[in-house]
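Single-structure report; data block below.
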């Protein structure tokens with residue numbers, strides 16, 4: 001369905017002499033016509049690159065020129081008829097043509113963000129940018145984002161190694177907020193080594209944020225600390241460096257806890273802390289749950305039912321002034337790994 005757009009872009013490049021047809025019917029992009037070639041990856045093809053070692057090298061104007069269209073070599077190939085030859089699109093042209101087809105009308109950039117794995121940086125994205133630039137007269141994308149690869153306990157994740165996992169399966173074992181926190185603990189451009197040990201360490205970091213929130217709750221938020229807000233926004237402005245932002249949050253939690261230890265009744269600090277956590281939630285999506293709800297995550301339904309039953313029995317025992325029974329139930333809950341807190345709204349509970 002995008003073949004017409006692909007053919008039209010190739011023809012535009014040929015008409016501008018930015019591409020040329022060789023004797024076999026293949027069409028190549030002339031990389032010498034793009035003065036910005038190599039700006040994205042900061043490298044260009046050389047004699048050792050696969051791009052420079054393809055067939056028909058003698059007919060290529062430059063070793064680093066790449067195919068826009070490949071003529072069919074046999075009856076078994078999937079081929080399409082065009083003015084150049086019967087063939088199929090090259091690796092890179094499809095992306096550029098489809099982007100221009102669906103995002104036309106922009107003068108400076110076709111799209112704002114183009115992403116992909118680090119392995120696509122060169123030659124794929126470099127070639128995409130070059131052919132689009134020459135065909136349209138403007139840049140393909142304002143920003144290029146290249147993510148690292150996921151590893152499992154130090155090994156590359158792959159089907160052949162049998163160590164692949166899906167997010168839907170991980171969500172059966174871990175809370176989504178904890179997973180997001182862990183995934184963001186490493187900058188997106190770096191390789192990510194998935195390890196249960198590291199996941200649990202990062203869960204503890206998130207736990208500390210929620211324990212601080214519990215410490216200053218309930219209450220009314222005031223205004224976010226200006227220096228803290230600026231630090232977080234600066235981190236986000238530095239190529240979405242969320243891992244640095246999380247370190248800034250760690251420091252805030254530690255400093256705030258120290259200040260509250262020194263002055264537990266500092267109402268202004270408590271209000272500001274609530275505002276800071278609200279800003280964290282707004283910007284990054286962390287710390288938005290009620291603390292007791294957060295610390296109940298991971299408790300199965302059967303245990304939840306037992307906990308609620310025991311809490312109801314304890315409330316009844318306290319009404320009857322049976323404090324021995326009330327204390328015994330608290331001890332039973334503690335043995336189950338559950339902490340409880342009596343509030344004006346009722347008894348709250350969480351995993352210890």
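Numbering (this note's numbering), first residue to last: 1 to 352. Yeah, the Cβ is synthetic: ideal placement off N, Cα and C, and Gly gets one too.
DSSP places residue 227 in the uninterrupted alpha helix (DSSP H) bounded by 226-237.
Using a Cβ-Cβ distance cut-off of 8 Å, the stretch 225-234 and the stretch 207-215 are not in contact, since fewer than three pairs of beta carbons, one from each stretch, lie closer than that value. For the set 60, 82, 40, 220, the Cα lying nearest the Cα of residue 11 is the one of 82.
Exposed is the label assigned to residue 43, since fewer than 16 other Cβ atoms lie within 10 Å of its Cβ.
Excluding residues up to 5 positions away in sequence, 232, 235, 236, 284 lie with their Cβ nearer than 7 Å to the Cβ of residue 245 in the same chain.
Sequence-distant Cβ neighbours of residue 238 in its own chain, meaning closer than 8 Å and more than five residues away, are 244.
Ranked by how close their Cα comes to the Cα of residue 147, the residues 166, 289, 333, 190 have 190 in first place. For the set 89, 251, 329, the Cα lying nearest the Cα of residue 77 is the one of 89. In terms of CA proximity to residue 179, 286 leads the group 286, 339, 348, 65. Residue 313: member of the alpha helix (DSSP H) spanning 301-319, first to last residue. For residue 170, the uninterrupted alpha helix (DSSP H) segment begins and ends at 167-173. By the CB criterion at 8 Å, residue 149 and residue 116 fall outside the cutoff.
Counting of Cβ neighbours within 10 angstroms places residue 140 among the buried residues, the total reaching 16 or more. Remark: C-beta atoms of residue 199 and residue 182 approach each other more closely than 8 Å. Between residue 176 and residue 127, the alpha-carbon positions lie close to 37 Å from each other. Less than 8 Å divides the Cβ of residue 130 from the Cβ of residue 37. Going by DSSP, residue 141 is part of the beta strand (DSSP E) stretching over 139-147. Minimum Cα-Cα distance from residue 68 among the listed residues 58, 31, 39 corresponds to 31. The three-state secondary structure of residue 218, taken from DSSP, is coil.
Taking C-beta atoms under 8 Å as the contact rule, residue 97 and residue 9 qualify, at a distance of about 5 Å.
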